[in-house]
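Working notes, structure below.
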């Protein structure tokens, strides 16, 4: 027979919202014992999210990340795949099955929960208005699973990201630029106060390797045919980054947010790629090669 702990884990990742009372009824336990289970989950490294008096486990918890690392998607990738499936043949039984799995594992409630969908739309419209008017807002009851807190955040919102699932803001209290998920915002209150820290707003961009950052790193590489072909196969979006060079080589130039993605690619095909100009990238590759000596 399945243990109550395992039953509870399965319930808390099935994509539905359960209150403490619901969970107690489902697995046949007391409120006190339920809280003991939740405390144990936190001690084991699970991220327990409590939103609107409902409990669930964050799929970003280390256990789930380890379990699904080989096939794991980012939230943005999962949303993109779900939207791609919207345009396919619904008569194919695999389509709804795959969509349900994406919805459950990545908690894509923007597709499944009508109330949640309406709430997100209202939040989005309010933020769009604030950005247009360049006003300070208060993100009411923002739920942070990392600090396990629900607090109000006074911010200057200036950029919507990831198909309007996230908003980039300058937070007045911490004096830092941060990204907030719309799904975790209770409500938005627009203040009659204009932006005063516009010069500190750092717009975030996502590069072809799906790394995000505020810094734009210009990378120029000279590739042979093998690395050119593999880059196109692994990252088709890179096609616009190539121009033919002499002797069957290809010049690659792109704006990147991080050296991590391109660095991994270079290290895998080290003899096939030459780094041009960028001393920062050369130093990054040298440091990585030196670290291999300790293996």
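Numbering (our numbering), first residue to last: 7 to 301.
Yeah, the Cβ is synthetic: ideal placement off N, Cα and C, and Gly gets one too.
1) Is residue 224 near residue 261, with beta carbons less than 9 Å apart?
2) What distance in whole Å lies between the Cβ atoms of residue 17 and residue 29, which are believed to be in contact at a cut-off of 8 Å?
3) Using only CA atoms, which one of 196, 154, 242 lies nearest to residue 145?
4) From the DSSP output, read off the bridge partner residues of residue 256.
5) Would you mind sorting residue 4 into buried or exposed? The rule is 16 or more other CB atoms within 10 Å of its CB.
6) Quick one: is residue 131 buried, meaning 16 or more other Cβ sit within 10 Å of its Cβ, or exposed?
7) Measuring only the C-alpha atoms, how far is residue 278 from residue 288?
8) Is it buried or exposed, residue 215, if we count other Cβ atoms within 10 angstroms and call 16 or more buried?
9) Classify residue 102: buried if its beta carbon has 16 or more other beta carbons within 10 angstroms, exposed otherwise.
10) Checking 9 Å against the spacing of the C-beta atoms, do residue 233 and residue 271 come in under that value?
11) Near residue 275, which residues of its chain fall below 6 Å by C-beta distance, leaving aside the five closest residues on each side in sequence?
12) For the region 197 to 211 against the region 133 to 144, are there 3 or more C-beta pairs whose distance is under 8 Å?
13) Got a sec? Which residues, its chain only, sit under 6 Å from residue 42 by beta carbon, not counting five neighbours each side?
14) Quick one: is residue 136 buried, meaning 16 or more other Cβ sit within 10 Å of its Cβ, or exposed?
15) DSSP three-state label for residue 208, please.
16) As a quick exercise: from 169, 237, 108, pick the residue whose alpha carbon is nearest that of residue 19.
17) Near residue 26, what residues of its chain come up, given a Cβ to Cβ distance below 7 Å and the 5 sequence neighbours on each side ignored?
18) From the DSSP output, in three-state form, read off residue 7 for me.
19) Could you tell me how far apart the beta carbons of residue 90 and residue 105 are, in whole angstroms, since I believe they sit closer than 8 Å?
20) Taking the Cβ atom as the reference point for each residue, do residue 251 and residue 228 lie within a distance shorter than 9 Å?
21) Give every residue of the same chain whose Cβ lies closer than 8 Å to the Cβ of residue 217, excluding the five residues on either side of it in the sequence, and list them in chain order.
22) Go through its chain and collect everything with a Cβ distance to residue 290's Cβ below 8 Å, but skip five positions before and after it.
23) Need the endpoints of the beta strand (DSSP E) that residue 159 sits in, please.
24) Tell me the residue span of the alpha helix (DSSP H) that contains residue 32.
25) Taking the continuous alpha helix (DSSP H) assigned at residue 41, which residues delimit it?
26) Is it right to say residue 99 is buried, meaning 16 or more other beta carbons lie within 10 angstroms of its own, or is it exposed?
27) Tell me which residue opens and which closes the beta strand (DSSP E) that residue 187 is part of.
28) In whole angstroms, what is the alpha-carbon distance linking residue 208 and residue 183?
29) Just verifying my parser: in three-state terms, what is the DSSP assignment at residue 203?
30) My guess is that residue 53 and residue 63 are in contact by the Cβ rule of under 8 Å, so how many angstroms apart are they, rounded?
31) Could you check how far apart the C-beta atoms of residue 240 and residue 149 are, in whole angstroms? I think they sit under 8 Å.
Reading off the structure:
1) yes
2) 6 Å
3) 196
4) Residue 256 pairs with 229, 250.
5) Nothing can be reported for residue 4, as the shown portion of the chain is limited to 7 through 301.
6) exposed
7) Cα atoms of residue 278 and residue 288: separation of roughly 15 Å, rounded to the nearest angstrom.
8) buried
9) With fewer than 16 other Cβ atoms within 10 Å, it is exposed.
10) yes
11) 233
12) yes
13) none
14) buried
15) Coil at residue 208, not helix or strand.
16) 108
17) Excluding the 5 residues flanking it on each side, residue 26 has same chain C-beta neighbours closer than 7 Å at 37, 40, 61, in chain order.
18) At residue 7, the pLDDT of 47 sits below 50, so the modelled position is not reliable and the matter cannot be decided from this model.
19) The Cβ separation is near 10 Å, so there is no contact.
20) yes
21) So the list reads 262, 263, 264, 266, 267, once near-sequence residues are dropped.
22) 265, 269
23) 155 to 167
24) First-last of the alpha helix (DSSP H) with residue 32: 26 to 33.
25) Segment 37 to 49, the alpha helix (DSSP H) holding residue 41.
26) exposed
27) Counting along the chain, the beta strand (DSSP E) containing residue 187 begins and ends at 182 to 187.
28) 7 Å
29) Coil.
30) 7 Å
31) Taking the Cβ atoms as the reference, residue 240 lies roughly 36 Å from residue 149, outside the contact range of under 8 Å.
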